[in-house]
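In the order they appear, the protein sequences are chains Z and F.
The first sequence begins at 1 in our numbering and counts up by one.
The second sequence begins at 395 in our numbering and counts up by one.
Step one of this worksheet: look at the structure below.
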Amino acid sequence: MAISHQLKRVDFIFSNENDWEKVLSATIKKKPADLINELISSELKGRGGAGFPTGLKWKLAAEAKEDAKYIICNADEGEPGTFKDREILSKVPYKVLTAMAVCGYITGAKEGIIYLRGEYKFLQAELNKAIEEFHYYCKEIKFDFRISIFMGSGAYICGEETALMESMEGKRGEPRNKPPFPTQRGYKNMPTVINNVETLVHTFTIFKYGAKKFYDLGVQYSRGTKLFSVSGDTPKPGIYELELGMSLQDFVYEFGDGDTKAVQVGGASGFLVPRKKFKDAAIGFKGKLVGISLPTGGSMMLFNSSRSMYNVLDNYLEFFREESCGQCTPCRVGCQQLLLGIKAVKRGEKPAAYLDKLLRLTETMQLTAKCGLGQSVANSFSSIVENFQEEMIY
Amino acid sequence: MNPIKSLIREMADKRGRSRENLLPIMQAVVEREKYLSEYSMIEIAKQFDIPAAEVYGTATFYSFIETRPAGQYIIRICKTITCAMKGKNQILFAIQDMLKVKLGETTPDRKFTLLETNCLGWCHKAPAMMVNNEVYTELTPEKVRDILTGYMKINDQNLN
């Protein structure tokens, strides 16, 4: 992908939401097919991390021929280093609700559900008030769409869309096989659109201003803006809306503490980029052009030279070991063995070459694990072990 | 009737007995009793007309559905990377020292249970913890001692 050589701050997401009623009533007067085309031409991709084209997702659900369909807002924000969705839901909830309703209008769904992680239960009361007012307005304009909240109960894996739906159906949050995809058979076996909180807010922007305003931001393959959750060794931790496609070098220049050793892009399931690769790395979805492209749900964790990358990896692996749903063997056993393995190398009980065996294990997990959790452990593992081998051994 | 039994029945009557209502009912019981007892699981299974093992299987999947008796206030300290880097252990030591319990334990007066948890989503204000549904951020040992002292002062009777 192309690298944009400036860091551009934008303010779409948290800007004024007072016009949501106008946006809703104006949007549902347009033809669904036109709205889908608008969304497709914006090239918006899912902001939860996986980056599936949003317009296509809505189109597939609209084409599904079932009476009951569902719109789910995925607010099970659990990736280490991510905290933007909570901010959206507490600051501009009406944008999210409006986007869900528009999605319902386009796809023919009458019911929307927000899956809110248990850790954010304190948001529930405020959000319910907003939903109540939203319903009141829908009734006023004779638009039939209902939204409710479903509370999670502390499980990272439920952020995976099919695990989330299992959880809503009262089961263990174990991912399903895909296909069928949720747009064909999702919640209660019915066509379901499931989008990240931030993705929905971007659709609000697109319906309000048109696709062009969104498309003009960012770079090829990575259009628009993105919220970044910045934490770790930085003088200004927080949430920032930035144009996609920036180079990691510029990011570190803006947010680093002058001593940045590495940046973890995309949370524990993302990649660790060492200092020497900052200038070649860009934040955005994979494209055909030069450099390393780093897709991300927006988690940016900075580490300075006082940090041991061994400790960082150890922390991630413990996280994955606990959060693996345990359903498929590569992930369940793989996460356990990786953690035992790096500890053994560190203690000198295994030779340094054992790290290569562990790297091969992560390749196996990448190929054979059932869902994104097990598949993506390889990302942080290999990027840390390969770039900081010394720290793993001594 | 046993109050938990009636809570479960009430919820099942109100929400319905289809499987989508299972997690919300378990959450309501945990909200009330702080944990889901074997008794509650069996009672829920009866109401939903599913095997108790199914209820147990679902319950034990979720880290916020405690299946062992827990204290009135469940302290969950975030142990994920940024909180770990920003001094989570100091917070943990301060609490252990103050409450005289180890991780996973409940104080003898059944007031506090001390647990660790994975990323709470407050990395920009680390270290963070939850006490029941309340979130506390940018903790220091002094701050956490003040917070817990506050909880200790709350009269038990006001809560029941």
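All C-beta atoms, glycine included, are put in the ideal place defined by N, C-alpha and C.
At 7 angstroms on the CB atoms, spell out the chain F contacts of residue i, in chain order.
i                : result
Ser293 (chain Z) : Those within 7 angstroms of Ser293 (chain Z) in chain F number zero; the least Cβ separation is about 23 angstroms.
Val377 (chain Z) : None at all; the shortest Cβ gap to chain F is about 15 angstroms.
Phe319 (chain Z) : Thr474 and Asn512
Glu66 (chain Z)  : Within chain F, no residue comes near Glu66 (chain Z); the closest Cβ sits about 17 angstroms away, beyond 7 angstroms.
Glu111 (chain Z) : Chain F residues near Glu111 (chain Z): none, gap ~12 angstroms exceeds 7 angstroms.
Arg404 (chain Z) : There is no way to answer for residue 404 (chain Z), as the model of chain Z reaches only from 1 to 394.
Tell me which same chain residues have a C-beta within less than 7 angstroms of the C-beta of residue i, skipping the five on either side of it?
i                : result
Phe134 (chain Z) : Tyr94, Leu97 and Ile147
Gly256 (chain Z) : Thr234 and Leu302
Glu243 (chain Z) : Ser4, Lys8, Val10, Leu217, Gly218 and Thr225
Cys328 (chain Z) : Ala369, Lys370 and Gly374
Ile141 (chain Z) : Ser25
Ala64 (chain Z)  : Thr183, Gln184 and Pro191
Leu359 (chain Z) : Ser382 and Val385
Gln551 (chain F) : The predicted position of Gln551 (chain F) is uncertain, since its pLDDT is 48 and thus under 50; no value can be drawn from it.
Ala396 (chain Z) : Here chain Z has residues from 1 to 394 only, and residue 396 (chain Z) is not among them.
Once the 5 residues before and after residue i are set aside, which same chain residues still bring their CB inside 6 angstroms of it?
i                : result
Thr203 (chain Z) : Ala99
Ala155 (chain Z) : Gly173
Met395 (chain F) : none
Ile384 (chain Z) : Leu272, Met309 and Leu313
Gln249 (chain Z) : Phe278 and Lys279
Glu363 (chain Z) : none
Ser153 (chain Z) : Gly118
Glu111 (chain Z) : Tyr70 and Arg146
Pro53 (chain Z)  : Lys45
Mind listing the chain F neighbours of residue i? Cutoff is C-beta to C-beta under 9 angstroms, in chain order.
i                : result
Asn315 (chain Z) : Lys473, Thr474, Ile475, Ala478 and Met479
Pro237 (chain Z) : Thr476, Cys517, His518, Lys519 and Ala520
Glu17 (chain Z)  : Simply none; closest approach about 22 angstroms.
Grab me the residues of residue i's own chain with a C-beta within less than 8 angstroms of its C-beta, minus the 5 sequence neighbours each way, in chain order.
i                : result
Tyr354 (chain Z) : Gly341, Ala344 and Val345
Leu123 (chain Z) : Arg86, Leu89, Ser90 and Leu116
Leu493 (chain F) : Thr501, Phe506, Leu508 and Leu542
Glu318 (chain Z) : Leu339
Ala464 (chain F) : Lys428, Tyr429, Thr500 and Thr507
In whole angstroms, what separates the C-alpha of residue i from that of residue j?
i                : j                : result
Ala453 (chain F) : Glu425 (chain F) : 14 angstroms
Arg223 (chain Z) : Arg47 (chain Z)  : 11 angstroms
Asn215 (chain Z) : Tyr221 (chain Z) : Asn is not the amino acid found at residue 215 (chain Z); the sequence shown has Tyr there. Each residue's Cα considered, the two are about 10 angstroms apart.
Ile548 (chain F) : Arg504 (chain F) : 14 angstroms
Ile206 (chain Z) : Ile72 (chain Z)  : 19 angstroms
Val197 (chain Z) : Val230 (chain Z) : 18 angstroms
Asn554 (chain F) : Val102 (chain Z) : At Asn554 (chain F) the pLDDT is 44, less than 50, meaning the model places this residue with poor confidence; the figure from the coordinates comes in the next sentence. Computed Cα separation, rounded: 44 angstroms.
Gly170 (chain Z) : Asp76 (chain Z)  : 16 angstroms
Asp67 (chain Z)  : Glu43 (chain Z)  : 29 angstroms
Asp540 (chain F) : Leu533 (chain F) : 10 angstroms
Gly410 (chain F) : Arg462 (chain F) : 27 angstroms
Ala62 (chain Z)  : Ile36 (chain Z)  : 9 angstroms
Asn128 (chain Z) : Asp407 (chain F) : 22 angstroms
His518 (chain F) : Lys236 (chain Z) : 8 angstroms
Met546 (chain F) : Gly118 (chain Z) : 25 angstroms
Val263 (chain Z) : Pro274 (chain Z) : 7 angstroms
Lys261 (chain Z) : Lys276 (chain Z) : 9 angstroms
Glu323 (chain Z) : Met151 (chain Z) : 18 angstroms
Pro330 (chain Z) : Phe320 (chain Z) : 12 angstroms
Lys121 (chain Z) : Thr511 (chain F) : 15 angstroms
Gly407 (chain Z) : Met300 (chain Z) : Missing from the structure shown is residue 407 (chain Z); chain Z here goes from 1 to 394 and no further.
List the residues of chain F that residue i touches, going by C-beta distances under 8 angstroms, in chain order.
i                : result
Phe122 (chain Z) : Asn527, Glu528 and Val529
Met301 (chain Z) : Ile475, Thr476 and Cys517
Val312 (chain Z) : Ile475
Arg307 (chain Z) : Met479
Arg86 (chain Z)  : Gly515
Glu21 (chain Z)  : The contacting residues do not exist; Glu21 (chain Z) stays about 30 angstroms from chain F at best.
Taking 8 angstroms as the CB-CB cut-off, is residue i touching chain A?
i                : result
Gly498 (chain F) : No chain A appears in the structure shown, which is made up of the protein chains Z and F.
Which bits of chain Z does residue i rub up against, with CB to CB less than 9 angstroms?
i                : result
Leu416 (chain F) : Glu169, Gly170 and Lys171
Arg413 (chain F) : Glu169, Gly170 and Lys171
For residue i, which residues in chain Z fall below 8 angstroms Cβ to Cβ?
i                : result
Leu514 (chain F) : Glu119
Met524 (chain F) : Glu119
Run down chain Z in chain order and give the residues with a C-beta less than 7 angstroms from the C-beta of residue i.
i                : result
Gln421 (chain F) : Met151 and Ser153
Near-chain F residues of the segment 73-84 of chain Z - C-beta to any C-beta below 8 angstroms: Glu77, Gly78, Glu79, Pro80, Gly81, Thr82 and Phe83
What residues in the segment 213-233 of chain Z bring their beta carbon closer than 8 angstroms to a beta carbon of chain F? Ser229, Val230, Ser231, Gly232 and Asp233
Cβ-based contacts, 7 angstroms cut-off: residues of the segment 129-155 of chain Z near chain F: For the segment 129-155 of chain Z, which is checked against every Cβ of chain F, the residues closer than 7 angstroms are Met151, Ser153, Gly154 and Ala155.
Mind checking the segment 448-474 of chain F against chain Z and listing, in chain order, the residues whose C-beta falls within less than 7 angstroms of any C-beta there? Gly451, Thr452, Phe455, Tyr456, Ser457, Phe458, Ile459 and Thr474
Count the C-beta pairs between the segment 330-341 of chain Z and the segment 516-528 of chain F that are closer than 8 angstroms, then say yes if the count reaches three, no if not. no
Stretch-stretch touch, CB-based, cutoff 8 angstroms, three pairs: the segment 475-488 of chain F with the segment 421-436 of chain F: no
Using Cβ-Cβ distances below 9 angstroms, what residues of the segment 268-288 of chain Z are close to chain F? Ala268
Contact list for the segment 31-52 of chain Z against chain F, Cβ threshold 9 angstroms: none
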